[in-house]
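In the working numbering, the protein residues as written are 8 to 143.
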């Protein structure tokens with residue numbers, strides 16, 4: 008019922024917070040089960056929709072972050088994240104899917120032993136992103 012009265016701007020803040028929650032989830036998986044996280048990257052990269060999902064999700068998220076950055080607690084941070092997401096999405100769109108898959112496999116294998124540390128660092132960043140959305 009309450010969702011009907013939300014503005015487009017309010018829904019976007021929930022999108023940014025949900026993005027932060029998803030990032031928090033993946034960060035915790037990296038901390039608790041880094042090998043499972045690496046295997047998840049490999050398994051996802053083998054899916055036929057892998058490349059298009061990676062490209063489209065980054066471009067859409069980047070555009071939303073850029074469009075609504077002024078409505079967050081840290082507009083410059085959200086703008087910077089949006090620009091990075093958009094640029095990575097465009098870069099991936101220009102990358103052949105086979106090269107993207109090869110990179111995913113390489114990174115999962117190369118950073119398998121560092122995922123726990125990466126997760127520890129990204130947990131507070133995820134919480135900052137959720138806070139920055141300003142939904143609370």
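Beta carbons are placed, not taken as given, at the ideal position from N, Cα and C, and that holds for glycine.
- Rounded to whole angstroms, the separation of the alpha carbons of residue 73 and residue 87 is 8 Å.
- Burial is judged here by how many other beta carbons sit within 10 angstroms of a residue's own beta carbon; residue 122 has at least 16 and is buried.
- The criterion of a C-beta distance shorter than 9 Å is not satisfied by residue 60 and residue 47.
- In this structure residue 77 does not touch residue 26 by the C-beta definition: roughly 17 Å separates them, more than the 8 Å allowed.
- In the three-state scheme derived from DSSP, where H, G and I count as helix and E and B as strand, residue 14 is classed as coil.
- The closest CA to that of residue 52, considering only 19, 112, 38 and 128, is found on 112.
- Per DSSP, the unbroken alpha helix (DSSP H) holding residue 116 starts and ends at 104-117.
- Of all C-beta pairs linking the stretch 125-138 to the stretch 29-45, three or more are shorter than 8 Å, placing the two stretches in contact.
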